[in-house]
Structure formats: structure tokens, C-alpha cells
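J.: This is the structure I have questions about; it appears just below.
Numbering (the numbering used here), first residue to last: 390 to 569.
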């Protein structure tokens with residue numbers, strides 16, 4: 390991490406060093422523990438996924454491994470921090486890659502709720518927004534292996550209807566922008 394010391398002077402700071410070398414696939418920053426400072430969540434390729442809690446002075450404590458599957462060391466391709474189930478608490482939504490494709494919601498960092506196994510593909514980008522404006526966050530998932538973009542419309546708390554947005558997606562990412 391590079392800490393801005395002011396006037397665009399950045400100081401390189403190591404906040405975590407993986408046991409076997411760090412191969413980060415995804416980094417998410419958010420005030421996950423609701424204490425007013427930004428925490429860091431990352432998914433790795435070799436070591437387990439991690440959550441680092443910021444003490445407010447850019448010193449991070451290791452919350453521990455966040456393995457959101459029953460399988461060994463799943464590889465996140467993307468993660469989002471949002472209140473997906475409208476309960477007032479931030480959730481960690483992850484999209485896994487390779488042999489264990491699944492879209493998983495982690496409640497309070499410990500309870501695992503599988504949203505969809507999405508065996509239709511694996512890995513890719515993940516977005517959340519209330520696309521149909523019904524008060525529930527919907528989920529867009531892009532699959533690397535099938536070049537398909539899916540949308541999971543949430544109609545009630547953690548109740549989803551899946552549609553294909555694009556079956557021939559040939560890009561490596563998706564994004565949201567409201568220009569209209």
C-alpha cells in the first residue's frame with residue numbers, strides 16, 4: 390500500500406505479507422466494520438482470502454481467513470461490499486473461479502449464504518445496483534469461461550430471478566454508469 394503523506398508524496402507500506410507470496414486477484418476497500426476508517430479485503434491465488442481491519446492510523450490487524458466455501462482455498466475473481474439483503478449490515482459478496490464457481494454472500498463475515506452456484510460459468514466481474522428500482526440490490530455477474538453476462542434480479546430478500554444480459558461478451562470487465 391502507498392500512504393499519501395501529502396503533496397503527492399507516497400510512502401510504501403507493507404500491510405500484509407502472504408505466507409507463500411502474495412498473488413492478489415481482487416482488492417476491495419470499504420469501511421467494513423463501520424468504525425469510520427477504510428478496511429482492506431483481498432482474494433488471493435495462493436494464500437486464503439483475507440480481511441485486514443484498519444485501526445484508523447493505517448495500521449491493519451488481520452481479521453483472519455475469509456474462505457467462503459467448503460472447498461480449499463477458493464479463488465475470488467471479484468468481491469463487493471454492500472447490504473445485499475437489506476438488513477442494515479454490510480455483506481461481502483464474492484464470485485469464485487475455477488473448479489468452484491459460486492456466488493456467495495458472507496453475513497457478518499462468518500455466516501455463508503450461497504446465492505447461486507452459477508454452474509453456467511466461472512469467474513469474472515461482479516456488480517451490484519438496484520437496476521429495477523424495487524428497493525433490492527440486483528447482481529450482475531460476468532463469466533470468463535462462457536463470455537456471458539448474467540443479471541440476478543432480487544425480487545424479495547435473497548430471492549433472485551436470473552436472466553442473460555449478453556451471451557457473447559468478449560470484454561474482460563463490466564461497469565455501471567448512469568449517464569441518462
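Note that CB positions come from ideal geometry on N, CA and C, so glycine has one too. All values reported here derive from a predicted model rather than from experimental measurement.
Please state whether DSSP places residue 457 in a helix, a strand or coil.
T.: With a pLDDT of 46 at residue 457, under the threshold of 50, the modelled position of that residue is not reliable, and no figure is offered here.
J.: Measure the alpha-carbon distance for residue 417 versus residue 424 and round it to whole angstroms.
T.: Those two C-alpha atoms are separated by around 17 Å.
J.: From the DSSP secondary-structure annotation, give me the bridge partner or partners of residue 552.
T.: Looking at the DSSP assignment, residue 552 forms a beta bridge with 540.
J.: Suppose the cutoff is 8 Å on Cβ atoms and the five residues either side in sequence are ignored; what does the same chain contact list for residue 471 look like?
T.: Only 479, 480, 482, 517 and 526 meet the Cβ criterion.
J.: Sort 541, 421, 557 and 469 by Cα distance to residue 550 and report the nearest one.
T.: It is 541.
J.: Of the residues 537, 414 and 444, which one's Cα is nearest the Cα of residue 432?
T.: With distances taken between Cα atoms, residue 432 lies closest to 414.
J.: Does the distance from the C-beta atom of residue 441 to that of residue 391 stay below 7 Å?
T.: No, the pair does not count as a contact, with Cβ atoms beyond the cut-off.
J.: Counting C-beta neighbours from all protein chains within 10 Å, is the total for residue 439 16 or more, i.e. buried, or is it exposed?
T.: It counts as buried.
J.: Are residue 558 and residue 530 touching if we call contact CB-CB under 7 Å?
T.: No, they are not a contact pair.
J.: If we call anything under 7 Å between Cβ atoms a contact, is residue 443 one with residue 426?
T.: Their beta carbons are under 7 Å apart, which means residue 443 touches residue 426 by this criterion.
J.: With a threshold of 16 other CB atoms inside 10 Å of the CB of residue 399, please say whether the residue is buried or exposed.
T.: Exposed: under 16 other Cβ atoms inside 10 Å.
J.: Would the beta-carbon of residue 532 fall within 7 Å of that of residue 513?
T.: Result yes, Cβ atoms of residue 532 and residue 513 sit closer than 7 Å.
J.: Along the beta strand (DSSP E) that carries residue 527, what are the first and last residues, could you check?
T.: Note, residue 527: beta strand (DSSP E), 527-532.
J.: Report the three-state DSSP secondary structure of residue 439 (helix, strand or coil).
T.: It is a strand residue.
J.: With DSSP as the reference, identify every bridge partner of residue 400, one or two as the case may be.
T.: For residue 400, which the question treats as bridged, DSSP gives the partners 392.
J.: Cα separation between residue 503 and residue 395?
T.: Rounded to whole angstroms, residue 503 to residue 395 spans 43 Å at the Cα level.
J.: Which value, in whole angstroms, describes the spacing of the CA atoms of residue 403 and residue 523?
T.: If I take the Cα positions, the gap works out to 42 Å.
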